[in-house]
Structure formats: C-alpha cells, structure tokens
C-alpha cells in the first residue's frame, strides 16, 4: 500500500459507532469548532453583531496610531480580520477585531500570548503592532500581514494535499511553533491547519510558519510552575476533526493533546483528508492501515504521554526527519507553491 493510501472502509465497531453519534455535523471542510457556553459556541452559528464591525475606509484609532479599514480577510462569529493602512505612513497591516460582548474574550488571550512571545523574541508568532477599543463596538489588535493559512493553501493542490516533502517540512515547522507556545506556558487546544499561516515571502531556504488564534489557549502551570490539577470534567474545546481523544471525552487537555492534534493535521497534509471527518476515526484507520513505521511509532509515543508529560520534541522531529530520509525528501526540495507544475 502506498504511503497513507486511502484504506478500504470496514464496518464501525460499537465504540466507533457511539462516537460518531455524538459528533456534530461538519461542513464540507470539517471546520466546526465547539467551545463551552462562556465562549458562546462560536463557529457553530452564523456571525452576529455585524452592525458593530467597521465599514471599508472607516478610521479606527489605536494606542499608537490610526488605521484605515480595507478589505475583509476573514470573519468568525464574534469578529473579523481586515487589511488596514496605517495613517502615518500608509503601511499595510492586518487588524483582528472582536465585538464587545460578555461571551467574547478570545482577543484578550491573543494579547497575552503575543505579548509574552514578543518578550521572548519567538520567531513563530506575529508581532502585535498596536491595539485599541471602540467602546460598545469592538476591540482590536494590529499585526503584520501574513501569508495564506495552511488549510486554504492545501486546497490549491491536486487531491487537496501537499507533496510528501512539503507536508513533512510544514509539519516540522508547525511543531516548532507548538513547542514555542508550550515553552511560554500555554496549550493551544485548537491545533489545526487553518491556525498556521505562512510567513510572507518564505521559500524552501527560509520556510517559516506563524501559529495564530489563541482564543482557546490556557495556561497549564500553577503559581509554583507545576502542572495545574486537572478538572474532573470540562466542556469540549477545539475542532472536532482534529481534537484529541481526551478532548472528545471532555477531559482536561494538556501538552500531549496539542501534539495529538498536530499528528492528525500531519496526516491530512499528506493524504488530503481525515477519514470520516474526525480524529477518532483517523486514529483507528491510521493504526490499521498506515504502512510506514515512523508514523506508527509517532502515534505509539503520543499514546504513552500522560497529562503531566513533557513531549520529547526532539524525538518527534527525528521521526519526521527519518520519514523524509526514507522517502528521498530533501530539506531544499522545491515547495509545492514554488513548483510551476503545482
């Protein structure tokens, strides 16, 4: 069987059938994200508060400068991302806005994480240029413009997948970003392709990705720097398609769960799909049908991690590098979007 070839589907076991019954209906890309009532279940419903978002050419005032609002890049339930021009010099940036509402607090965590990342001079995080608030309307942060997110980028290629060489190198860069977030003391809890963006102008010689969207992040350390005591039951947080088994079982997430989601994302980079639109089935099928030892060893290692485990990022990196070596992939291979033939 070819590397991650689509396997024949077998009947679901009783356990798998039970899991499927509890899953929510995904859209065509499986991009539903559930969160608890505090976050208003964003991404499950249509965008709200559209009247509070700015119009094109509207001028918003931050702490450091003014910005003219341009094209809308993306929109969620409680906010949107726009291109903006800085008033003082006409330079282009991106602004992420979140409506002022009791259910929306994701931007506050964005500010916390990006501020800490800037102090630590971490390369896989966007630079926060400015921030501000329009009372009773929205709050916002201004960042450098980034390239396409990896979800949108994947759909540009045949089979909705990257070549093996590009997929493995992107996965390595995503792992670097996750490790940096963990070093800051946070878990992401929503690792997926759409939350990684290419650095503008990057190439095979300087491949870099940014980790974004920290609205579901949580500090995993207590005041003494130890792992927080896990809560006995927590509401689901994440995206069903990539979520870990612990997340599906409504257990407290930790470092290992980000790594598990990263593993599922890597499978999708290579195959162009996750079987049955869900991580649990992806796990079942990858264990049964994945022919290459490196990925079986990766999943076996992830399964051995506990709530208080510190993942061995070096080992994870070595497994992907071994996979590259075994399949003739080189660090300086052309990236898929550099190849004129797609």
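Numbering (the working numbering), first residue to last: 52 to 393.
For each residue, glycine too, the CB sits at the ideal point set by N, CA and C.
Non-local C-beta neighbours of residue 210 in its own chain, meaning closer than 7 Å and more than five positions away in sequence, comprise 323, ordered along the chain. For residue 224, the number of other beta carbons within 10 angstroms of its own is at least 16, and it is reported as buried. Inter-segment contact for the segment 282 to 290 and the segment 187 to 197 is absent: fewer than three beta-carbon pairs are separated by less than 8 Å.
Excluding its 5 nearest sequence neighbours in each direction, residue 388 has C-beta neighbours in its own chain below 8 Å: 204, 207, listed in chain order.
Residue state for residue 293 is assigned as coil, using DSSP reduced to three classes. In the DSSP assignment, residue 208 falls outside any alpha helix (DSSP H), carrying neither H nor E. Going by DSSP, residue 181 is part of the beta strand (DSSP E) stretching over 179 to 185. With at least 16 other beta carbons inside 10 angstroms of its own, residue 312 counts as buried. Across the set 386, 296, 300, the C-alpha of 296 shows the shortest separation from the C-alpha of residue 353.
Secondary structure note for residue 139: it is in no beta strand (DSSP E), with a DSSP letter that is neither H nor E.
For residue 226, the CB contacts under 7 Å within the same chain, skipping 5 residues up- and downstream, are 313, 364, 367, 368 in chain order. Between the beta-carbon of residue 164 and that of residue 182 there is about 13 Å, and that puts the pair past the 8 Å contact cut. In this structure, residue 148 keeps its C-beta atom at 7 Å or more from the C-beta atom of residue 127. C-alpha of residue 241 to C-alpha of residue 320: approximately 16 Å in a straight line. The residue from 106, 216, 356, 232 with its alpha-carbon nearest to that of residue 373 is 216.
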